[in-house]
Structure formats: C-alpha cells, structure tokens
Amino acid sequence: MRSSFQAPPVHLILRAYPPAPARVGLWRRPLPFRMAAAALSLMVFWGIAPWSFWVPPHYPWPVLSFGVGAYLAVWFSRSYRVRWFAGQCPRCAHPLELPRGAAINLPHALTCFHCHFEPRLEAFTEAEEERISVDEGHNLRHIRSECTGNWAEVALFRQPYLACSTCGARHHATPNLRQAAAEENETGRLLEELADEGRYLC
Ligand SMILES: [Zn+2]
Ligand SMILES: [Zn+2]
8 MRSSFQAPPV
18 HLILRAYPPA
28 PARVGLWRRP
38 LPFRMAAAAL
48 SLMVFWGIAP
58 WSFWVPPHYP
68 WPVLSFGVGA
78 YLAVWFSRSY
88 RVRWFAGQCP
98 RCAHPLELPR
108 GAAINLPHAL
118 TCFHCHFEPR
128 LEAFTEAEEE
138 RISVDEGHNL
148 RHIRSECTGN
158 WAEVALFRQP
168 YLACSTCGAR
178 HHATPNLRQA
188 AAEENETGRL
198 LEELADEGRY
208 LC
C-alpha cells in the first residue's frame with residue numbers, strides 16, 4: 008500500500024486575524040494501513056503490559072507499555088505525514104514550523120513560539136470561501152474601520168488574496184469579494200475626485 012502525495016490549498020487561521028497563506032506537502036497514508044498499524048501497536052504493547060510486571064523493578068513497565076501503545080496508536084492513526092511546510096503566523100507574521108515526518112490530521116493546531124497563539128492550519132477551497140463570503144456575510148473588512156486604503160489583488164504562495172494597501176487586511180480573492188473590492192475602490196476614487204473638485208471650488 009503506497010502513500011499518495013498531495014499539496015492541498017491551505018491557510019492559517021486565527022480568530023479575528025486575516026487568514027495567512029501557507030503551503031504544505033503531505034503524504035496521505037491509506038486508511039487500512041493506519042488502522043492495522045494502530046491496532047498492532049495496541050496489541051503488542053498492551054499485550055506485553057501484564058507480563059512486563061515480572062521484570063524488576065516491576066511497577067514502571069506496565070505503565071510504560073500502556074503509554075507507548077496508546078501514543079503509537081494515535082500517531083499511526085493520523086492521516087498525513089508532513090513532507091514540507093511553509094507558513095507565517097496570522098498574528099505576528101513569525102515563520103511557523105512543522106517538521107518533516109510529523110504525523111498530523113487537518114485541521115492541525117500549531118503553536119507560534121513568538122506570540123504564543125495557536126493558529127490552525129486548514130485546507131480550503133475557493134468555492135467554500137465564496138460560500139462563506141456570500142451566505143454568512145463575511146464582507147470585505149479593513150482592520151481599522153476608518154481605513155480608506157485601496158484593495159489590490161496579490162498572489163501569496165501562489166494563492167490569490169485581496170489585500171489592503173494601508174491597514175494590511177487580507178481576504179481570499181473569491182469572485183464575490185473581488186467585485187466588492189472593485190466597487191469599494193471605485194467609491195474611494197470618486198470621493199477623492201470630489202474632494203479635488205472641492206479644492207478647486209474653494
Ligand atoms: Zn505569532
Ligand atoms: Zn485597510
């Protein structure tokens with residue numbers, strides 16, 4: 008049974024912060040392999056636990072066997088092994104680390120050792136982001152509500168984002184939000200023109 012390689016579109020999410028781009032390469036382990044390996048770990052280590060008690064100094068061995076068996080079973084049951092990863096903390100932009108070979112599920116919580124928050128690495132699809140922006144009314148928002156910066160489309164890790172030039176707000180560039188950004192930029196331009204005309208009139 009071979010592991011299959013995949014690099015799904017992912018982002019790093021932390022409540023109240025703009026999504027941060029990330030890239031991850033994963034080996035996906037086949038489910039039967041994971042189940043078998045997890046079951047085997049339990050059988051072997053939990054199986055020897057009662058017998059290990061006879062070995063001096065007695066007490067640590069059964070506890071250790073139970074612990075190791077449980078740890079390995081959880082480790083083997085996870086869906087992915089990390090091949091490579093790059094991403095930044097959504098809060099402080101510090102680079103995050105996920106070592107090669109780590110066993111994870113998605114979504115996966117990472118710890119930022121710079122600001123000590125725990126952003127979540129999750130897969131996303133443009134269709135799902137579009138649905139969230141339309142159905143749940145997650146509109147374009149600046150970080151500061153009085154911000155009058157312009158939206159521009161930028162590619163971060165080859166993912167299209169809409170970013171504000173002034174306050175650093177960032178959204179996935181879905182069709183709905185692209186249109187909202189174009190409208191907001193246009194309104195901003197008109198207001199500027201009006202202000203210019205106002206200056207001429209005074
Ligand atoms: Zn951080
Ligand atoms: Zn802004």
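Note that the numbering used here has the sequence shown beginning at 8, numbered continuously upward.
By construction, the Cβ of each residue, glycine as well, lies at the ideal position given by its N, Cα and C atoms.
Provide the residue(s) that pair with residue i in DSSP beta bridges, ordered along the chain.
| i | result |
| --- | --- |
| G163 | At residue 163 the sequence reads Leu, which differs from the Gly that was named. DSSP, once it has assigned bridges, lists Q166 as partnering L163. |
| G32 | W91 |
| A110 | R88 |
| A27 | L19 |
| W158 | C171 |
Secondary structure at residue i, three-state DSSP: helix, strand or coil?
| i | result |
| --- | --- |
| P64 | coil |
| S11 | strand |
| I20 | strand |
| R206 | helix |
| R98 | coil |
| L128 | strand |
| A116 | strand |
| A176 | coil |
| L47 | helix |
| G144 | coil |
| T181 | coil |
| I150 | coil |
In chain order, what residues of the same chain have a beta carbon less than 7 Å from the beta carbon of residue i, not counting five sequence neighbours either side?
| i | result |
| --- | --- |
| A130 | P15, P16, V17 and L113 |
| I111 | R85, Y87 and V89 |
| S48 | G76, L79, A80 and F83 |
| N192 | N157 and W158 |
| P167 | E160 and A180 |
| Q13 | L33 and R35 |
Excluding the 5 residues preceding and the 5 following residue i in the sequence, name in chain order all residues of the same chain whose CB lies nearer than 8 Å to its CB.
| i | result |
| --- | --- |
| N146 | S140, L184 and A187 |
| P25 | P97, I150, G175, A176, R177 and H178 |
| G195 | T155 and N157 |
| P182 | E137 |
| H101 | Q95, C119, F120, H121 and C122 |
| R41 | F83, S84, R85 and S86 |
Rounded to the nearest angstrom, how far is the Cβ of residue i from that of residue j, given a contact under 8 Å?
| i | j | result |
| --- | --- | --- |
| R98 | F124 | 5 Å |
| F164 | P28 | 4 Å |
| C122 | H149 | With a Cβ gap of about 22 Å, C122 and H149 do not count as contacting. |
| R30 | S10 | Contact flag wrong, Cβ pair sits at about 19 Å. |
| I20 | R127 | 5 Å |
Quick one: residues in its chain with C-beta nearer than 6 Å to the C-beta of residue i, no 5 flanking neighbours on either side, listed in chain order?
| i | result |
| --- | --- |
| L201 | none |
| S59 | W68, P69 and S72 |
| H115 | L128 |
Does the beta carbon of residue i come closer than 9 Å to any beta carbon on chain D?
| i | result |
| --- | --- |
| C119 | Reference to chain D is not applicable here, since this structure consists of a single protein chain. |
Checklist entry - Do the segment 43-57 and the segment 92-108 touch if we need at least three Cβ pairs shorter than 8 Å? => result Result no; under three Cβ-Cβ pairs closer than 8 Å.
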